[in-house]
Amino acid sequence: MKKYSEPFEAHQVFHVWTHANGKDNLFTEDQNYLFFLRKYDTYISPVADTFAYCLMPNHIHFMVRIKSEKTVAHFVSQKRNRDVTTFQGLRTLGRLSLEISRQFSHLFNSYTQAYNKRYSRKGSLFMSNFKRRAIVSPDHFLTLLLYIHHNPVKHQFAEHPAGWRYSSYQAYLSEKPTKLCRDEGLVWAGGIDSFLKLHDAAHTEKLKRLSLIE
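Quick note on numbering: full-length UniProt numbering labels position 85 of the sequence shown as 85, and the sequence is numbered without any gaps.
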């Protein structure tokens with residue numbers, strides 16, 4: 001059984017996903033989803049660009065590209081109030097992946113603490129180890145983009161990606177400012193018309209074969 005724990009690398013696109021611990025849900029009401037996204041922006045946006053996401057009741061998916069070693073080193077040095085030279089050479093020291101992993105762990109832990117306090121709950125909310133897999137080709141990128149946006153369809157929460165509020169699908173159709181890498185994502189998809197056609201053409205039976213992504 002694959003562990004999907006590939007080391008993070010600068011400028012590399014990754015699929016990152018995790019599940020709730022046991023039979024628990026990660027999100028109970030609308031405000032939980034929005035709160036998590038704010039936390040995500042705090043912990044992940046400084047170290048990674050985001051192409052797609054989907055928050056499901058008991059699991060989450062992201063497609064991110066890790067920022068440059070210099071950018072990550074600068075962020076880490078500011079966070080810890082230390083000279084940036086201390087964190088130079090993160091890649092050669094094997095620390096870049098560790099620092100990115102820490103940011104995801106901080107995200108999950110911070111959300112868990114707030115969620116537990118809100119619902120008088122104790123214990124872990126997420127599985128102990130989140131998973132990640134490098135995206136190695138344009139076809140892989142588009143396949144994952146479709147998979148993430150169709151996750152609510154696959155799990156029968158919606159009949160079409162447009163029917164699920166907690167994914168990046170709607171942001172791709174909007175002209176409002178977003179921190180999502182929308183313009184670049186649309187280039188990968190061949191433009192907005194192609195983006196829409198790709199999503200409309202995809203259907204549940206086809207996407208079931210993509211379960212190997214998880």
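Just so you know, even glycine gets a beta-carbon here, dropped at the ideal spot from N, CA and C.
DSSP places Phe-195 in no beta strand (DSSP E) but in the uninterrupted alpha helix (DSSP H) bounded by 192-201.
CA-CA distance, Glu-99 to Ala-20, rounds to 23 Å.
Counting only residues of its own chain and dropping the five nearest sequence neighbours on each side, Trp-17 has a CB closer than 6 Å to the CB of His-61, Lys-131. Per DSSP, the unbroken beta strand (DSSP E) holding Ala-48 starts and ends at 48-55. When only Cα atoms are considered, Ala-73 and Asn-151 end up about 34 Å apart.
Taking 4 residues as the minimum length, the alpha helix (DSSP H) runs contained wholly in the UniProt domain "Transposase IS200-like" (9-151) are 30-43, 69-79, 96-118, 138-149, in order along the chain. Put simply, the backbone Cα of Phe-108 is about 34 Å away from that of Gly-191. Per the Cβ contact rule, the region 108-117 is in contact with the region 32-40 (3 or more Cβ pairs under 8 Å). Taking 8 Å as the cut-off, the beta carbon of Val-64 is found closer than this to the beta carbon of Phe-14. Burial check for His-11: the Cβ neighbour count within 10 Å stays below 16, so the residue is exposed. Within the same chain, Leu-107, Ser-110, Tyr-111 come within 7 Å of Lys-39 by CB-CB distance, once the 5 residues on both sides are set aside. Around Phe-75, the same chain offers Pro-46, Val-47 as residues with beta carbons nearer than 7 Å, after the five sequence neighbours per side are excluded.
Bounds of the alpha helix (DSSP H) holding Ala-189 are 182-189.
By a beta-carbon distance limit of 8 Å, Leu-146 contacts His-199. Their separation comes to about 7 Å. A distance below 8 Å between beta-carbons, with the five flanking residues on each side excluded, links Cys-181 to the following residues of its chain, in chain order: Asp-49, Thr-50, Phe-51, Arg-65.
Spanning the alpha carbons of Arg-133 and Arg-121 requires a straight line of approximately 31 Å.
Rounded to whole angstroms, Phe-8 and Arg-80 show a C-alpha spacing of 21 Å. The distance from the Cβ of Ala-189 to that of Thr-178 is about 16 Å, inconsistent with a contact at the 8 Å cut-off.
Of all alpha-carbon atoms in Asp-193, Ser-128, Cys-54, the one lying nearest the alpha-carbon of Leu-173 is that of Asp-193.
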